[in-house]
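Q:
Residue numbers (my numbering): -1 to 580.
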């Protein structure tokens, strides 16, 4: 990897990924793929032996043995037993996309297996995160005593103690970080349990739920449950697993990439009315990339949970009625518009408060009694990106503060929050490396800030800000075909980043600001070269945008290749990542 010279607007060092032309040529010939694709694989450390499976991952070769997860065989066996006993099964999921997709995965499979079920999605404001007395009341009123929690429950000690006292049987499927202590349950599966040796800790809850269903399906088939009838096809459910993985921002490697890739392909079949209606409301005729899931569909699914309508997303994903699905998708669309307005106001206020914080602190902690609890996580994410440090945003609750945080690589926020909880600084707290939620006493913010700062000083392993560029790009090569070629190495996301290309010595013209925050400009790389449009989303507020708006006209650019579809016409365009002065 070679360091490129020049001053980056973002402050990051630019590195050009290393290449091995001979290996790339050999790979291109043996796999019959273009040199550009082979070069990309080689630069990312993918060898000749693994390249074929990387480009065409199969379930047979890439899906882990479900029973390698601690407790999974036991939990699947219990579910199988409940089904044979004719139990009505109650499902509890979190109010975010991972929780909704996990609940829909389990519910859709149970429905296909002829099993009656009902579900409860906690209200963010009334119930809080995870199982609660409200959930137990809901199921007891319906005489349902056999329950499964998904994307929650691993640290719900008090709630599950109460469930046990009330005679409820609860199985837990989770992925959040936890310690050795386990809540009372009939079975618990969590690849992030300290005793789990499966190596599947990067799975989201939807991924864990999918593996539970793989094992449950095998047990039911072996027990003759589907004798004389066609068993359900688990591949139809991969769009739900893909949505959960992308929207929970887990690394798109291994089984996560497998499920996301197949989920995107399965979405093209339009077999899940709720997903199809959601795509339509987002203006998508098809979901081509992980970005479509994360930035177009995910915010709409999350909107209900953020604004006190938590069951809507799950109801949509479970719907088999086109008319009902379109109505629910519209409801989420309207909620998402409302969420956008609240977010803009909160972000403006949060940035004002951030000016009064200690610039030397390892984290940013912002609290305001007027903040909306449902939008804390989004604003924390924006602050994290803007200030390049872990950011926690808190809103007032009836007994103190509720907070949500987002982090950077090298800063394990989930572990830090758990440590603060164990020190008695938080009444509730948990999460994973990149995100966490917590509750704090009214007068406890200063102590929490001090503790987390000290914890990060001792435990954080911050990475030097750098930008890895995969290859140089000739503007004449830009085409829809080139974009389609790159997608063979996707889907892209954390762990398998979208390729970034270098435009050297380009000239800028026709700079315009759109909606006060986006940039649109034209570039060309030589006097005879063609002009190419570049979009810089949110760049008007970044240093790169400031440089361009203040007259920068000759520079190097780091860009991504994306496909734009408008009125049925497809075109390849470039999105600006960073600029550097030669």
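Beta carbons: idealized from backbone N, C-alpha and C, even for Gly.
(1) Let me check understanding here. Comparing Cα to Cα, which of 576, 273, 546 and 431 lies closest to residue 241?
(2) Pick out the complete beta strand (DSSP E) segments inside the stretch 159 to 195, 3 residues or longer, and give them in chain order.
(3) Whose C-alpha, out of 268, 265 and 238, is nearest the C-alpha of residue 254?
(4) Going by other Cβ atoms of all chains shown within 10 Å of its Cβ, with 16 needed for buried, is residue 589 buried or exposed?
(5) Rounded to the nearest angstrom, what separates residue 545 and residue 579 at their Cα positions?
(6) Give every residue of the same chain whose Cβ lies closer than 7 angstroms to the Cβ of residue 176, excluding the five residues on either side of it in the sequence, and list them in chain order.
(7) In whole angstroms, what separates the C-alpha of residue 501 from that of residue 451?
(8) I'd like the span of the alpha helix (DSSP H) that includes residue 603, first residue to last.
(9) Thinking just about the alpha-carbon of each residue, which of 486, 456, 357 and 300 is nearest to the one in residue 335?
(10) Taking Cβ to Cβ, would you say residue 435 is nearer than 8 angstroms to residue 127?
(11) Helix, strand or coil: how does DSSP classify residue 65 here?
(12) Once you ignore the five residues that flank residue 34 on each side, which residues in its own chain have a CB closer than 7 angstroms to its CB?
(13) Report the residue from 114, 122 and 161 whose alpha carbon sits nearest the alpha carbon of residue 135.
(14) If we count the other Cβ atoms within 10 Å of its Cβ and call it buried at 16 or more, is residue 286 buried or exposed?
(15) Give me, in chain order, the residues of the same chain whose beta-carbon lies closer than 8 angstroms to that of residue 107; leave out the 5 immediate sequence neighbours on both sides.
(16) By DSSP, does residue 409 sit in helix, in strand, or in coil?
(17) Since residue 296 contacts residue 257 with CB under 8 angstroms, what's their CB separation in whole angstroms?
(18) Starting from residue 127, trace the alpha helix (DSSP H) in both directions and tell me its first and last residue.
(19) In its own chain, which residues sit with a C-beta less than 7 angstroms from the C-beta of residue 180, not counting the 5 before and 5 after it?
(20) By Cβ distance below 8 angstroms, which residues in the same chain neighbour residue 219 in space, the five residues on each side in sequence not counted?
(21) With a threshold of 7 angstroms on Cβ separation, who are the neighbours of residue 71 within its own chain once the five nearest residues in sequence on each side are excluded?
(22) Comparing alpha-carbon positions, which option in 424, 85 and 129 lies nearest residue 445?
(23) Note down the Cα distance separating residue 382 from residue 463, rounded to an integer number of angstroms.
(24) Can you tell me whether DSSP reads residue 56 as helix, strand or coil?
(25) Here's the rule: buried if 16 or more other CB atoms are within 10 angstroms of the residue's CB, otherwise exposed. What is residue 252?
(26) Nearest-angstrom Cα distance between residue 345 and residue 366?
(27) Any contact between the stretch 534 to 552 and the stretch 485 to 496? By contact I mean 3 or more CB pairs, one from each, below 8 angstroms.
(28) Is it a yes or a no for the stretch 9 to 27 touching the stretch 460 to 477, going by three-plus beta-carbon pairs under 8 angstroms?
(29) What is the rounded straight-line gap between the Cα of residue 459 and the Cα of residue 260?
(30) Would you call residue 329 buried or exposed, if buried means 16 or more other Cβ atoms sit within 10 Å of its Cβ?
(31) So, residue 523 versus residue 503, is the Cβ gap smaller than 8 angstroms?
(32) How would you write the range of the alpha helix (DSSP H) that residue 86 sits in, first residue to last?
(33) What runs of the alpha helix (DSSP H), each 4 residues or longer, lie entirely inside the stretch 239 to 320?
(34) Just how far apart, CA to CA, sit residue 442 and residue 270?
(35) Would you kindly check if the distance between the Cβ of residue 294 and the Cβ of residue 280 is under 8 angstroms?
(36) Around the C-beta of residue 284, are 16 or more other C-beta atoms found within 10 angstroms, so that it is buried, or is it exposed?
A: The relevant details are as follows:
(1) Within the chain shown, numbered from 1, the residue matching residue 241 stands at position 243. Closest by alpha carbon: 273.
(2) 167 to 171 and 185 to 187
(3) Position 256 of the chain shown, counting from 1, holds the residue named residue 254. Closest option to residue 254, Cα to Cα, is 238.
(4) Here the chain comprises residues numbered -1 to 580, so residue 589 is not present and cannot be evaluated.
(5) As a first step, residue 545 is located in the chain shown; it is residue number 547 there, counting from the start. As a first step, residue 579 is located in the chain shown; it is residue number 581 there, counting from the start. C-alpha separation (whole angstroms): 10 angstroms.
(6) Residue 176 sits at position 178 when you count from the first residue of the chain shown. Excluding positions up to five away in sequence, the list reads 152, 153, 188, 190 and 191.
(7) Looking up residue 501 in the chain shown gives position 503. Looking up residue 451 in the chain shown gives position 453. Computed Cα separation, rounded: 39 angstroms.
(8) Nothing about residue 603 can be reported from this structure: the residues present for the chain run from -1 to 580 only.
(9) Taking the chain shown and counting its residues from 1, one reaches residue 335 at position 337. Checking every option, the nearest Cα to that of residue 335 belongs to 300.
(10) Start at 1 with the first residue of the chain shown, and residue 435 comes out as number 437. Start at 1 with the first residue of the chain shown, and residue 127 comes out as number 129. Closer than 8 angstroms, so yes.
(11) Stepping through the chain shown from its first residue, residue 65 is reached at position 67. Helix at residue 65.
(12) Here the question's residue 34 lines up with position 36 in the chain shown. For residue 34, where only same-chain residues beyond five positions count, the Cβ hits under 7 angstroms are 483.
(13) Within the chain shown, residue 135 is the residue found at index 137, counting from 1. Of 114, 122 and 161, the residue nearest in Cα terms is 161.
(14) Here residue 286 is taken as the residue at index 288 of the chain shown, counted from 1. Buried is the call here.
(15) Within the chain shown, residue 107 is the residue found at index 109, counting from 1. Excluding positions up to five away in sequence, the list reads 211, 214, 215, 230, 232 and 235.
(16) As a working note, residue 409 is residue 411 in the chain shown. Here residue 409 sits in coil by DSSP.
(17) Here the question's residue 296 lines up with position 298 in the chain shown. Here the question's residue 257 lines up with position 259 in the chain shown. That belief does not hold up - the Cβ atoms of residue 296 and residue 257 are roughly 15 angstroms apart, past 8 angstroms.
(18) Position 129 of the chain shown holds residue 127. Segment: none, residue 127 is in no alpha helix (DSSP H) and carries neither H nor E.
(19) Position 182 of the chain shown, counting from 1, holds the residue named residue 180. Counting only Cβ-Cβ distances below 7 angstroms, and skipping sequence neighbours, we find 186.
(20) Counting from 1 along the chain shown, the entry for residue 219 is found at position 221. For residue 219, where only same-chain residues beyond five positions count, the Cβ hits under 8 angstroms are 229.
(21) Position 73 of the chain shown holds residue 71. 65 and 213.
(22) One-based indexing of the chain shown puts residue 445 at position 447. Taking only the C-alpha atoms, the option nearest residue 445 is 424.
(23) One-based indexing of the chain shown puts residue 382 at position 384. One-based indexing of the chain shown puts residue 463 at position 465. If you take the alpha carbons of residue 382 and residue 463, they lie about 14 angstroms apart.
(24) Taking the first residue of the chain shown as position 1, residue 56 is located at position 58. Residue state, collapsed to three classes: coil.
(25) Taking the chain shown and counting its residues from 1, one reaches residue 252 at position 254. With 16 or more other Cβ atoms within 10 Å, it is buried.
(26) Within the chain shown, residue 345 is the residue found at index 347, counting from 1. Within the chain shown, residue 366 is the residue found at index 368, counting from 1. One C-alpha to the other measures close to 12 angstroms.
(27) no
(28) yes
(29) Here the question's residue 459 lines up with position 461 in the chain shown. Here the question's residue 260 lines up with position 262 in the chain shown. The alpha-carbon atoms of residue 459 and residue 260 are separated by roughly 34 angstroms.
(30) Walking along the chain shown from the start, residue 329 turns up at place 331. Result: buried.
(31) Taking the first residue of the chain shown as 1, we reach residue 523 at position 525. Taking the first residue of the chain shown as 1, we reach residue 503 at position 505. Contact: yes.
(32) Position 88 of the chain shown, counting from 1, holds the residue named residue 86. Segment: none, residue 86 is in no alpha helix (DSSP H) and carries neither H nor E.
(33) 252 to 265, 271 to 279, 296 to 304 and 309 to 316
(34) What you label residue 442 is simply residue 444 of the chain shown in a count that begins at 1. What you label residue 270 is simply residue 272 of the chain shown in a count that begins at 1. Between residue 442 and residue 270, the C-alpha separation is close to 46 angstroms.
(35) Numbered from its first residue, the chain shown carries residue 280 at position 282. Numbered from its first residue, the chain shown carries residue 294 at position 296. Taking 8 angstroms as the Cβ cut-off, residue 280 and residue 294 qualify as a contacting pair.
(36) The sequence position of residue 284 within the chain shown is 286, counting from 1. Residue 284 comes out exposed.
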